[in-house]
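Reading through the structure tokens given below for one structure.
Residue numbers (the numbering used here): 7 to 414.
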């Protein structure tokens, strides 16, 4: 989410005192008709129709009635879901398509069906339903299903640089596919590959792609790219209002581009930028996992909650950090490298350590004076054995910790 952005992150609950402090602050700042929190869960993916919102979480499949706000939760205990952790979903033609680890399922409101063409053990990164065809981005290539037949496109038969298809969008009768090895344009027969060597792309891993009807927007670990079919334009924190250079998800509607990043939500109307996180919105976690535009409503999924935003008349609230906060590392679990983010409310001495489960220190990432603000550090675990580790942040008399899982 390398891995496709957030599909490998598993939620750990935030400190409730911190959560209450935030919500008390927000209660006096936010308009209730603008920001509404619906769920407290790790949101993996979103979709909707005229009546319902469909939400993939680590707790199962939530279906929310948009008119009554009633919620129903499908789990492995009360349905045929093989797992509560749902990574992706797509709704079309009265059918919900969703993926768990190694499984693709469909649900018509009564019956669950598991689909597995060729009996392969696959991991699904993304689902896209378009004009009667379900496109599946997986670790075995790009899969096409027309309701009767399955077709697999991969590096062997289609010229793809990799078989791991991370994210998909449809633009003018062609699919654009984000992968670890660059951006692919595929018309069903021919493919064209854009990467850091033959285009303006700053890096090869593509974390998000979205077509707004005229412009292709591309999210990377080093900024946002705008492509009009000829020219590229590169947006960074340093030259725009992006909240962070690491892009996770993109959505467009009513002339506004919404950018979900590792460090908050960005709003871009073509001229001006605004940013939102836990300090000036009902979003509980800065890591934005999924977005869906439904007319004048934006559904926002984060690592901690689902929020409904009426953005027709949105006020911008500027606040400063109210405490230190250590966030979940990303990705988690991780293979060799993961990123640790934290914020400080004021200048002070900071110590950030990583220990094994016995408490033995395996690394000291920082031990010095820092100014208030937000910071990101990388942790390299290639020399360590697989298992659970603890990241601990200390500043003054405050200490916070998060668990990290190293998998090799």
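Even glycine gets a Cβ: it sits at the ideal position worked out from N, Cα and C.
Everything numeric in this text was worked out from a predicted model, so none of it was measured.
(1) What whole-angstrom Cβ distance do residue 372 and residue 356 have, given they're in contact under 8 Å?
(2) Measure from the alpha carbon of residue 262 to the alpha carbon of each residue in 318, 205, 341, 410, then state which is nearest.
(3) Under a three-way DSSP split, which group does residue 155 fall into?
(4) Roughly how far, in whole angstroms, is the beta-carbon of residue 142 from the beta-carbon of residue 181, given that I think they are within contact range, below 8 Å?
(5) Have a look at residue 409 and residue 195 and give me their C-alpha separation to the nearest angstrom.
(6) Would residue 304 pass as a contact of residue 255 if the rule is Cβ separation under 7 Å?
(7) Measure from the alpha carbon of residue 351 to the alpha carbon of each residue in 379, 226, 40, then state which is nearest.
(8) Please classify residue 71: does DSSP put it in a helix, a strand, or coil?
(9) Name the residue from 163, 178, 64, 159 whose alpha carbon lies nearest to the alpha carbon of residue 171.
(10) Would you tell me roughly how many angstroms separate the C-alpha atoms of residue 104 and residue 389, rounded to the nearest one?
(11) State the beta-bridge partners of residue 97 as determined by DSSP.
(12) Closer than 7 Å by C-beta to residue 250: which residues in its own chain qualify, once you throw out the five before and the five after it? Chain order, please.
(13) Is it right to say residue 207 is buried, meaning 16 or more other beta carbons lie within 10 angstroms of its own, or is it exposed?
(14) Looking at C-alpha atoms only, which residue of 310, 247, 139 is the closest neighbour of residue 280?
(15) Answer with buried or exposed for residue 272, where buried requires no fewer than 16 other C-beta atoms within 10 angstroms of its C-beta.
(16) Using only CA atoms, which one of 235, 396, 67 lies nearest to residue 339?
(17) Which same chain residues, not among the five before or five after residue 361, have their C-beta less than 6 Å away from its C-beta?
(18) Hey, residue 311 and residue 43: beta-carbon distance below 7 Å or not?
(19) Since residue 191 is in the beta strand (DSSP E), which residue starts that stretch and which ends it?
(20) Considering residue 61, what are the terminal residues of the beta strand (DSSP E) in which it resides?
(21) Tell me residue 107's beta-bridge partners as DSSP assigns them.
(22) If we count the other Cβ atoms within 10 Å of its Cβ and call it buried at 16 or more, is residue 405 buried or exposed?
(23) Run through DSSP, which three-state label would residue 403 get?
(24) Drop a sphere of 10 angstroms on the beta-carbon of residue 414, count the other beta-carbons inside from all chains shown, and report buried for 16 or more, exposed for fewer.
(25) Going by beta carbon distance, what residues of the same chain come within less than 6 Å of residue 112, once the five residues before and after it are set aside?
(26) Between 287, 299, 214, which has its C-alpha nearest residue 189's C-alpha?
(27) Indicate the three-state DSSP secondary structure (helix, strand or coil) for residue 173 in the structure shown.
(28) If I'm right that residue 209 touches residue 233 with Cβ under 8 Å, what's the distance once you round it to whole angstroms?
(29) Does the Cβ-Cβ distance between residue 92 and residue 106 come in under 7 Å?
Reading from the atomic positions:
(1) Position 366 of the chain shown, counted from the start, is the residue given in the question as residue 372. Position 350 of the chain shown, counted from the start, is the residue given in the question as residue 356. Indeed, because the Cβ distance is near 6 Å, the residues count as touching under 8 Å.
(2) Reading the chain shown from its first residue, position 256 is the one you call residue 262. Ranking 318, 205, 341, 410 by Cα distance to residue 262 puts 318 first.
(3) Position 149 of the chain shown, counting from 1, holds the residue named residue 155. Reduced to three states, the DSSP call for residue 155 is coil.
(4) What you label residue 142 is simply residue 136 of the chain shown in a count that begins at 1. What you label residue 181 is simply residue 175 of the chain shown in a count that begins at 1. 11 Å between Cβ atoms; not a contact.
(5) Translated into the one-based positions of the chain shown, residue 409 becomes position 403. Translated into the one-based positions of the chain shown, residue 195 becomes position 189. Looking at the two C-alpha atoms, the distance is approximately 45 Å.
(6) Numbered from 1 along the chain shown, position 298 holds the residue referred to as residue 304. Numbered from 1 along the chain shown, position 249 holds the residue referred to as residue 255. No, the Cβ-Cβ distance between residue 304 and residue 255 is not below 7 Å.
(7) The sequence position of residue 351 within the chain shown is 345, counting from 1. When 379, 226, 40 are compared, the shortest CA-CA separation from residue 351 is found for 379.
(8) To locate residue 71, count along the chain shown from 1; it is residue 65. If DSSP states are grouped into helix, strand and coil, residue 71 belongs with the strands.
(9) Start at 1 with the first residue of the chain shown, and residue 171 comes out as number 165. Closest by alpha carbon: 159.
(10) Here residue 104 refers to the residue found at position 98 when the chain shown is read from its first residue. Here residue 389 refers to the residue found at position 383 when the chain shown is read from its first residue. Using only the alpha carbons, I get a separation of about 36 Å.
(11) The residue given as residue 97 occupies position 91 in the chain shown. BP columns for residue 97 point to 102.
(12) In the chain shown, residue 250 corresponds to position 244, counting from 1. 243, 267, 268, 269, 270, listed in sequence order.
(13) The sequence position of residue 207 within the chain shown is 201, counting from 1. Looking at its Cβ environment, which holds 16 or more other Cβ atoms inside 10 Å, residue 207 is buried.
(14) The residue you call residue 280 lines up with position 274 of the chain shown. Closest option to residue 280, Cα to Cα, is 247.
(15) As a working note, residue 272 is residue 266 in the chain shown. Here residue 272 is buried, its C-beta having at least 16 other C-beta atoms within 10 Å.
(16) The sequence position of residue 339 within the chain shown is 333, counting from 1. Cα-wise, what sits closest to residue 339 is 396.
(17) What you label residue 361 is simply residue 355 of the chain shown in a count that begins at 1. Answer for residue 361: 367, 396, listed in chain order.
(18) Reading the chain shown from its first residue, position 305 is the one you call residue 311. Reading the chain shown from its first residue, position 37 is the one you call residue 43. It is a contact, given that the beta carbons lie within the stated cut-off.
(19) What you label residue 191 is simply residue 185 of the chain shown in a count that begins at 1. Following the DSSP letters along the chain, one finds residue 191 inside the beta strand (DSSP E) bounded by residues 188-192.
(20) Within the chain shown, numbered from 1, the residue matching residue 61 stands at position 55. Residues 58-63.
(21) Stepping through the chain shown from its first residue, residue 107 is reached at position 101. Within the DSSP secondary-structure output, residue 107 pairs in no beta bridge.
(22) For the purposes of this step, residue 405 is taken as the residue at position 399 of the chain shown. By the neighbour-count rule (16 or more Cβ atoms within 10 Å), residue 405 is not buried but exposed.
(23) Counting from 1 along the chain shown, the entry for residue 403 is found at position 397. Note: residue 403 maps to coil in three-state DSSP.
(24) Translated into positions along the chain shown, residue 414 becomes position 408. Residue 414 is exposed by the Cβ-count criterion.
(25) One-based indexing of the chain shown puts residue 112 at position 106. 101, 103, 119.
(26) Here residue 189 refers to the residue found at position 183 of the chain shown. Answer by Cα proximity: 214.
(27) Residue numbering aside, residue 173 sits at position 167 when the chain shown is read from its first letter. Three-state DSSP puts residue 173 in a strand.
(28) Along the chain shown, read from residue 1 onward, the residue named residue 209 stands at position 203. Along the chain shown, read from residue 1 onward, the residue named residue 233 stands at position 227. With a Cβ gap of about 15 Å, residue 209 and residue 233 do not count as contacting.
(29) For this step, residue 92 is matched to residue 86 along the chain shown. For this step, residue 106 is matched to residue 100 along the chain shown. Their beta carbons are under 7 Å apart, which means residue 92 touches residue 106 by this criterion.
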